[in-house]
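Q:
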Amino acid sequence: MSAGSKPESSNVTTAVQPEIPAGQQALFVDVLRLLEAYRLRYVVSGAFAMREHTGICRETKDLDLFLPAEHVPQTLAVLKKQGFRCEVCDPVWLAKAHRGDFFIDLITGMSNAAIVVDESWIDRSYPAVVFDVPTRVLAPEELIASKLFVSRRERFDGADIAHIIYGTHGKLDWDRLLQLTGDHWEVLLWSLVLFRYVYPGQTDYVPRPLWDDLLGRFTQAVRHPDPRAPFRGSLVDENMFAIDLRDWGLENILQKNREHRLAELGELSKVFCDPNAVPSEDAVR
Numbered sequence: 112m113s114a115g116s117k118p119e120s121s122n123v124t125t126a127v128q129p130e131i132p133a134g135q136q137a138l139f140v141d142v143l144r145l146l147e148a149y150r151l152r153y154v155v156s157g158a159f160a161m162r163e164h165t166g167i168c169r170e171t172k173d174l175d176l177f178l179p180a181e182h183v184p185q186t187l188a189v190l191k192k193q194g195f196r197c198e199v200c201d202p203v204w205l206a207k208a209h210r211g212d213f214f215i216d217l218i219t220g221m222s223n224a225a226i227v228v229d230e231s232w233i234d235r236s237y238p239a240v241v242f243d244v245p246t247r248v249l250a251p252e253e254l255i256a257s258k259l260f261v262s263r264r265e266r267f268d269g270a271d272i273a274h275i276i277y278g279t280h281g282k283l284d285w286d287r288l289l290q291l292t293g294d295h296w297e298v299l300l301w302s303l304v305l306f307r308y309v310y311p312g313q314t315d316y317v318p319r320p321l322w323d324d325l326l327g328r329f330t331q332a333v334r335h336p337d338p339r340a341p342f343r344g345s346l347v348d349e350n351m352f353a354i355d356l357r358d359w360g361l362e363n364i365l366q367k368n369r370e371h372r373l374a375e376l377g378e379l380s381k382v383f384c385d386p387n388a389v390p391s392e393d394a395v396r
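The opening position of the sequence shown corresponds to residue 112 in our numbering, with each subsequent residue numbered one higher.
Written out as C-alpha cells, the structure reads:
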C-alpha cells in the first residue's frame with residue numbers, strides 16, 4: 112500500500128467460513144478419519160483451532176496437526192500406506208504429507224526449538240468437529256504459545272494472540288502459559304502489551320497479578336542488565352537479524368537451540384534427517 116492510498120479490504124479475518132476446494136476438504140477429512148481410526152496422538156491447530164476459540168474463519172492452504180516428535184514416524188507410516196507422499200522438511204519441527212495439490216503439516220514444535228510439543232498438548236486439547244469429523248483442537252493456551260514466535264517480516268501472529276485473549280475474555284490458564292514460555296516470558300509480555308494497546312478497554316482480561324509479575328520482572332531486567340546475556344534476535348526472525356550473526360559476529364543462539372533439540376531427539380533425529388527413512392508400510396500396526 113503506497114503512502115496516502117486507501118486501505119484494501121482483507122479476507123484474512125472473517126466471521127464467514129470461506130469455501131474450501133473439494134479436493135482439499137476431502138484430503139482433510141480422509142486424514143482426520145484415518146488418524147482417528149488408528150487412534151494416533153495428534154491435535155488440530157491452525158485455522159480450525161482459531162475458529163474454535165475466536166469465531167474467526169480464514170482461508171487455509173493446509174491442515175496443521177500438532178504431535179510429539181516420537182509419534183511422527185508411525186503417523187507418516189500410516190499416511191504413506193494410504194498413498195500419501197511424505198517428507199520430513201525439518202527434523203526439529205516439521206513433516207508434510209501430500210496428496211495431489213494439497214497437503215497437511217505435522218508440527219512438533221517451533222522452528223527455533225524454543226517451544227516443543229509434548230503429550231500435555233494432546234491431553235489438554237478441546238473436543239471439536241472439523242468437517243463433520245469428531246476430533247480435538249489445541250487449547251487456547253497452547254494455541255497462543257504456538258504463535259508467540261511467529262513474528263517475521265512476512266508473517267506476524269500477534270493479532271491472532273490478541274484475538275484469542277479477546278475471544279476467551281481472558282479466561283485462560285495463565286500459569287500454563289507461563290510454564291509454556293519459560294525463559295521466553297518477555298515474548299509473552301510483548302504480546303500482552305500489544306493486546307493492551309489494541310483493546311485498552313479490556314486490559315483486565317489479563318489478570319492484574321500477571322501484569323505485576325511480568326512488569327516486575329521486566330523492570331528488574333532493565334535495571335540490572337546482564338552483559339553476558341546472549342543475543343536472541345535470531346529466535347525472533349533469523350532473516351532480518353542475519354546481519355547480526357553474519358557481519359557483526361553475535362552469538363547464534365538459534366543454531367545452539369536447534370542442535371540441542373536434535374541431540375534430545377537422539378536416534379529419532381537420524382530417522383528424520385534421512386529423506387529415505389520415512390517408515391515403510393510394514394511399520395504400521
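Note that the Cβ used here is the ideal one computed from N, Cα and C, for glycine as well.
(1) Pick from 142, 312, 158, 159: whose alpha carbon is nearest that of residue 152?
(2) Indicate the three-state DSSP secondary structure (helix, strand or coil) for residue 211 in the structure shown.
(3) Select from 366, 310, 155, 145 the residue whose C-alpha is nearest the C-alpha of residue 427.
(4) Could you check whether the Cβ of residue 130 sits closer than 7 Å to any heavy atom belonging to the ligand ZN?
(5) Give a yes or no on whether 8 Å exceeds the smallest Cβ distance from residue 339 to chain C.
(6) Anyone know if the C-beta pair for residue 364 and residue 338 falls short of 8 Å?
(7) Which class does residue 378 belong to by DSSP, given the choice of helix, strand or coil?
(8) When the Cα of residue 182 is compared with those of 200, 292, 336, 150, which residue comes out closest?
(9) Using the Cα positions of residue 114 and residue 379, report the straight-line distance between them to the nearest angstrom.
(10) What are the complete beta strand (DSSP E) segments, minimum 3 residues, inside the region 235-323?
(11) Is the number of C-beta pairs between the region 260-275 and the region 239-246 that are closer than 8 Å three or more?
(12) Can you tell me the Cβ-Cβ gap for residue 216 and residue 205, rounded? I've got them flagged as a contact below 8 Å.
(13) Would you kindly work out how many angstroms separate the C-alpha atoms of residue 387 and residue 157, rounded to a whole number?
(14) To the nearest angstrom, how far is it from the Cα of residue 407 to the Cα of residue 370?
(15) Hey, could you find the ends of the beta strand (DSSP E) residue 175 is sitting in?
(16) Within 10 angstroms of its Cβ, does residue 130 collect 16 or more other Cβ (buried), or is it exposed?
(17) Is residue 154 helix, strand or coil when you go by DSSP?
(18) Using only CA atoms, which one of 167, 258, 271 lies nearest to residue 398?
(19) How would you write the range of the beta strand (DSSP E) that residue 199 sits in, first residue to last?
(20) Would you call the CB atoms of residue 295 and residue 250 closer than 8 Å?
(21) Does the beta-carbon of residue 202 have 16 or more other beta-carbons within 10 angstroms, so that it is buried, or is it exposed?
(22) From residue 392 to residue 194, what does the alpha carbon distance come to, in whole angstroms?
(23) Using a Cβ-Cβ cut-off of 7 Å (strictly less than) and excluding sequence neighbours within five positions of residue 247, which residues of its own chain qualify?
(24) Return the residue from the list 245, 286, 218, 288 that minimises the CA-CA distance to residue 176.
(25) Relative to the C-alpha of residue 332, which candidate in 312, 255, 297 has its C-alpha closest?
(26) Kindly indicate which residue of 285, 290, 244, 302 has the alpha-carbon position closest to the one of residue 271.
(27) What residue range is occupied by the uninterrupted alpha helix (DSSP H) comprising residue 354?
(28) When DSSP labels each residue in this structure, what does residue 361 get in the three-state scheme?
(29) Given that a residue counts as buried once 16 or more other Cβ atoms are within 10 Å of its Cβ, and exposed if not, what is residue 200?
(30) If you follow the alpha helix (DSSP H) that residue 345 is part of, which residue opens it and which one closes it?
A: Inspection of the coordinates gives the following:
(1) 142
(2) coil
(3) Absent from the model: residue 427. The displayed extent of the chain is 112 to 396, so no value can be given.
(4) Of the ligands one can find in the structure shown there are none, so the ligand ZN has no counterpart to examine.
(5) Absence of chain C from the displayed structure is noted, only one protein chain being present.
(6) no
(7) When DSSP states are grouped into helix, strand and coil, residue 378 belongs to the helix group.
(8) 150
(9) Residue confidence for residue 114 is low, a pLDDT of 47 falling below 50, so the modelled location carries little weight; the figure read from the coordinates is stated next. If you take the alpha carbons of residue 114 and residue 379, they lie about 51 Å apart.
(10) 237-241, 244-248
(11) no
(12) Going by Cβ atoms, the distance from residue 216 to residue 205 rounds to 6 Å, so yes, they are a contact pair.
(13) With a pLDDT of only 48 at residue 387, under 50, the local geometry of the prediction cannot be trusted, and no value is derived from it.
(14) What the structure shows of the chain is the stretch from 112 to 396, and residue 407 is not part of that stretch, so it cannot be assessed.
(15) First-last of the beta strand (DSSP E) with residue 175: 173-177.
(16) exposed
(17) strand
(18) No answer is possible for residue 398: it lies beyond the span of the chain, which begins at 112 and ends at 396.
(19) 196-201
(20) no
(21) Residue 202 is buried by the Cβ-count criterion.
(22) Because residue 392 sits at a pLDDT of 48, beneath the cut-off of 50, its placement in the model cannot be relied upon, and the point is left open.
(23) 154, 155, 236, 237, 238, 239
(24) 218
(25) 297
(26) 302
(27) 353-357
(28) Residue state, collapsed to three classes: coil.
(29) exposed
(30) Counting along the chain, the alpha helix (DSSP H) containing residue 345 begins and ends at 344-347.
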